[in-house]
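Asks:
2 protein chains.
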Amino acid sequence: MGRGSNLTRLGDFNQTVVFDAIRRTPGGISRIELVAETGLTAQTVSNIVRRLLAQELIVESGRVQSAVRGKPRTLLRAKPSARFALGVHVDPATLTYVLIDIEGRVRQYARRRTLETRRPEQVVAAIADQVTQLVTAAGIEPATVLGLGVAAPGPLDAVEGVLLQPPQLAGWEKVRLRADLHAATGLHVLVDKDVIAAATGERWAQHGARHHYVFCYLGSGVGAGVVMDDVVLRGASNNIGEIGNILVDPGAEDLGVGQPGTLAAACLPRALVVRAARRGLITGTVSLDDFVAVDEVFTTLCERAYAGEAACLQLIDEAASALAAGLAVLVNALDVDRVVLGGPIWSRISSRILAVLPELIQPQLVAARQPLVVEGSAVGEHVAAQGAAALVLDHFLSPRPSVLLMD
Amino acid sequence: MGRGSNLTRLGDFNQTVVFDAIRRTPGGISRIELVAETGLTAQTVSNIVRRLLAQELIVESGRVQSAVRGKPRTLLRAKPSARFALGVHVDPATLTYVLIDIEGRVRQYARRRTLETRRPEQVVAAIADQVTQLVTAAGIEPATVLGLGVAAPGPLDAVEGVLLQPPQLAGWEKVRLRADLHAATGLHVLVDKDVIAAATGERWAQHGARHHYVFCYLGSGVGAGVVMDDVVLRGASNNIGEIGNILVDPGAEDLGVGQPGTLAAACLPRALVVRAARRGLITGTVSLDDFVAVDEVFTTLCERAYAGEAACLQLIDEAASALAAGLAVLVNALDVDRVVLGGPIWSRISSRILAVLPELIQPQLVAARQPLVVEGSAVGEHVAAQGAAALVLDHFLSPRPSVLLMD
């Protein structure tokens, strides 16, 4: 049911709307553009801008001559050093960190192998240590850091910040990641599902348009974030995006890595490594539960594929076929006009997948649609970490705050 | 990007919010409840209510004693005869009509076989004739009818009101249904996809809560409406919900009604009729392109199943297995906590499907979710017609108008 707006609430709300518009326009925006963007009157925008300048949340940064006539317009920008947010993406094989400023720009970046033992308390300690290093390296006031966003594999309880039983993290049962990280760092912490964080990171990079897309997340697991009408969907329990069980290849052999013929059993590093072993492409043994080891063999296979080894390229092409079938199900069901791919393994397979995927999907789409756009993430492999940090900024700075943050 | 609210716009917007809250509460709502519901001040609500009374859009209807103390509260209701909307659902086998009042109550109802020839101009003439009869039978002023909503099979261009090439309506190519019906009736007309209209009709009946559900539409085709956070999703081209191609049964025999093993080829009347014929359950021939004939044979098979004929019940159970596999894909991908089933064939199979479906779906869901609710539509077989009419009311009376209506 719709809610009206009282005059008392309206002031704060409108200030948030104006600030949000400014910080999402890194090149700067003039007062007159803010009027067009927000639908507020020139007088209201002018008053709010004065308050934001006084609070040192924004700065005036240069002037541009209007194309037609009149006096030059002063550009307003968020003051980049006013506030910061940290993000970490917990993948079974890799921990990715970012420190972003108020405009979403990455100020610090780090990438570490997830500890081989993967015991939760060690990972928490490693994260706490690393984020402290990032803040120090950036040379910023700790008080300007709004909080830490954590992107993690599902299923999880985002409201309580608890990982339930992520199938990829053996022994991580009901880990209270938010409370533990809050205790270890003193920061506000939110925990959100990797695909939701990734879709959020992507939306930040592609803001402004009326987007409908599926963000296909490829890491140690496969998942889908969904953006509809420029809104990142979450689902009833904040666990949207479990697509690994979609049946894509009825005749598939049993690889021992999940239900045969499903998307997860056909396109993930574990599946490709098992296929490679059965075809004699690799020797020696790899423990399939050791995500770091699997990731390293997978990397080698990708390198050999791009070096021209046909049998290795075939592995990637098989993954592309599986992805095409799974993504066609989602595109048909959700009527999105764009598929964006990204995640921890994306850069290793992206050029081949992008070369073959569009033609594999198109024949499987219900007729009479717009051509489907298939593209790689505009953000890169840190998209989920970036999105987790962006969720922290959104919580504090957006008209629609998240409810997931620990105070 | 968020938009602020100017004071000038605020008045109209808030009036719409208040009226929307009143009309969606058929039992009546007091001013104090409106304050709680809308977030507006008591003074603002009081002023708006005075205007709505003067415009004869609402009436005072009785008083209730407050539970605790104080004077009795006057209940406000939308004036049921203030405005009406018509809805028609075009299914290849059946045309379903409703006339609803401002509170969404069905005042007139009609159900007709779709003309066997199914030529668009005959269907348009039949609809124009029938809606005139409904208005006359209701004894209402034609000027109080806000418009006609049409629910139709996709793919369609809802913005232009044009059916593209619905696979179930042979020869209906680029039919300008909105323009033709506008010319034939003089009414404002909107055309929307059947699954979107059905999800909208269901949401009207289940309003108020924060719902996440898939509406599984079963008619001559199968489709899915999606409600997230109480919003009916539409997709990039207003064609959400094409789920017929989801692979549900890899080993399925080829029935000659679509790709073997897909949901559409496993759960629709045509598929059940072919299966029945192959198993010798029916004699004679049925043209599979004659949706009315198929529908009649299907009805007989259902009646025999409920009369105790095991081989006919088996047909319904096979459809339930297919539905379970297809719906599990959607529930996992979208993280909904509810599946609602409905549509033109629903009442003929509902009791058996509801008896077996929940236990068939549950094992296919990703762990750690809330229990999934599986239920039949609260509205009944006219849910899509009701939803199409509700979309007309929403266009004229809601804070978020549709853009699909022809003026």
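Residue numbers (this note's numbering), protein chains in the order written: chain Y, 1 to 407; chain D, 1001 to 1407. Where a beta carbon is used, it is the ideal one built from N, C-alpha and C, also for glycine.
Just to confirm, is the Cβ distance from residue 1142(D) to residue 1135(D) under 7 Å?
Replies: The Cβ atoms of residue 1142(D) and residue 1135(D) lie closer than 7 Å to each other.
Asks: Quick check: what's the CA-CA separation for residue 1078(D) versus residue 157(Y)?
Replies: 41 Å
Asks: Cα-Cα, which of 1283(D), 1193(D), 1240(D) and 1054(D) is closest to residue 228(Y)?
Replies: The shortest Cα separation from residue 228(Y) among 1283(D), 1193(D), 1240(D) and 1054(D) belongs to 1240(D).
Asks: What is the DSSP secondary structure of residue 281(Y), counted as helix, strand or coil?
Replies: coil
Asks: At what residue ranges does the stretch 10-38 of chain Y contain a whole run of the beta strand (DSSP E), taking only runs of 3 or more?
Replies: Counting only runs of 3 or more, we get nothing.
Asks: I want to know whether the stretch 1333-1349 of chain D touches the stretch 253-265 of chain Y - three or more CB-CB distances under 8 Å.
Replies: Taking 8 Å as the limit for Cβ pairs, the verdict is that the stretch 253-265 of chain Y does not touch the stretch 1333-1349 of chain D.
Asks: Could you give the distance in angstroms between the alpha-carbon of residue 168(Y) and the alpha-carbon of residue 133(Y)?
Replies: 28 Å
Asks: So which of 1081(D), 1306(D), 1300(D) and 1341(D) has the shortest CA-CA distance to residue 1323(D)?
Replies: 1341(D)
Asks: State whether the stretch 383-399 of chain Y contacts the stretch 186-193 of chain Y, with contact taken as three or more CB pairs (one from each stretch) at a distance under 8 Å.
Replies: Taking 8 Å as the limit for Cβ pairs, the verdict is that the stretch 186-193 of chain Y does touch the stretch 383-399 of chain Y.
Asks: Are the CB atoms of residue 1233(D) and residue 1226(D) within a distance shorter than 7 Å?
Replies: Cβ distance < 7 Å, so residue 1226(D) and residue 1233(D) count as in contact.
Asks: From the DSSP output, in three-state form, read off residue 1091(D) for me.
Replies: coil
Asks: Since residue 298(Y) sits in a beta bridge, which residues does DSSP pair it with?
Replies: DSSP, once it has assigned bridges, lists no residue as partnering residue 298(Y).
Asks: Only counting the same chain, and skipping five residues up and downstream in sequence, which positions put a Cβ closer than 7 Å to that of residue 1059(D)?
Replies: 1077 and 1079
Asks: Should the stretch 289-309 of chain Y be called in touch with the stretch 326-337 of chain Y, which here means at least 3 C-beta pairs below 8 Å?
Replies: no
Asks: Could one say the Cβ of residue 242(Y) lies closer than 7 Å to chain D's Cβ atoms, at least one of them?
Replies: yes
Asks: Using a beta-carbon distance below 7 Å, is residue 233(Y) in contact with chain D?
Replies: yes
Asks: Give me the subset of the stretch 1327-1342 of chain D whose CB atoms are less than 7 Å from a CB atom of chain Y, sorted by chain position.
Replies: 1329, 1330, 1332, 1333, 1334, 1335, 1336 and 1337: these are the residues of the stretch 1327-1342 of chain D whose beta carbon lies less than 7 Å from some beta carbon of chain Y, given in chain order.
Asks: Is the Cβ-Cβ distance between residue 281(Y) and residue 270(Y) less than 7 Å?
Replies: no
Asks: Per DSSP, residue 108(Y) forms a beta bridge with which residues?
Replies: 99(Y).
Asks: Hey, could you find the ends of the beta strand (DSSP E) residue 77(Y) is sitting in?
Replies: 73-78
Asks: Between which two residues does the alpha helix (DSSP H) containing residue 351(Y) stretch?
Replies: 346-361
Asks: Start and end of the beta strand (DSSP E) containing residue 60(Y)?
Replies: 58-64
Asks: Which residues in the same chain as residue 371(Y) place their Cβ atom closer than 6 Å to its Cβ, once the five residues preceding and following it in sequence are excluded?
Replies: none
Asks: Which residues in the same chain have their Cβ closer than 8 Å to the Cβ of residue 61(Y), if we skip the five residues on either side of it in sequence?
Replies: 28, 75, 76 and 77
Asks: How would you list, in chain order, the residues of chain B whose beta-carbon sits under 7 Å from the beta-carbon of residue 247(Y)?
Replies: Annotation note: the requested chain B is absent from the structure, which comprises protein chains Y and D.
Asks: For residue 224(Y) versus residue 195(Y), is the C-beta distance shorter than 7 Å?
Replies: yes
Asks: Is the shortest distance between the beta-carbon of residue 998(D) and the beta-carbons of chain Y less than 7 Å?
Replies: Residue numbering for chain D in the displayed model covers 1001 to 1407; residue 998(D) lies beyond these limits and cannot be assessed.
Asks: For residue 319(Y) and chain D, any beta-carbon pair shorter than 7 Å?
Replies: no
Asks: Taking only the alpha-carbon atoms, compute the straight-line gap between residue 9(Y) and residue 45(Y) and give it to the nearest angstrom.
Replies: Caution is warranted here: a pLDDT of 44 is assigned to residue 9(Y), below 50, making its placement in the model unreliable, and the coordinate value is therefore given only provisionally. Cα-Cα distance, rounded: 16 Å.
Asks: What does residue 322(Y) reach in chain D if we use C-beta pairs closer than 9 Å?
Replies: Ordered by position in chain D, no residue passes the 9 Å Cβ test against residue 322(Y), which lies about 12 Å from the chain.
Asks: Let's see if you can read the secondary structure: which residues bound the alpha helix (DSSP H) around residue 1131(D)?
Replies: 1120-1138 is the span of the alpha helix (DSSP H), which, as asked, contains residue 1131(D).
Asks: Is DSSP giving residue 208(Y) helix, strand or coil here?
Replies: At residue 208(Y), the pLDDT of 49 sits below 50, so the modelled position is not reliable; the number obtained from the coordinates is stated separately. Correct three-state label for residue 208(Y): coil.
Asks: Under 7 Å between C-beta atoms, does residue 1220(D) make it to chain Y?
Replies: no
Asks: Please name the residue or residues paired with residue 1262(D) in a DSSP beta bridge.
Replies: 1247(D)
Asks: Under the three-state reduction of DSSP, which class applies to residue 169(Y): helix, strand or coil?
Replies: coil
Asks: Between residue 110(Y) and the rest of its own chain, which residues show a CB-CB distance below 7 Å, the 5 nearest in sequence each way excluded?
Replies: Excluding residues within five positions, the ones whose Cβ falls inside 7 Å are 97, 130 and 134.
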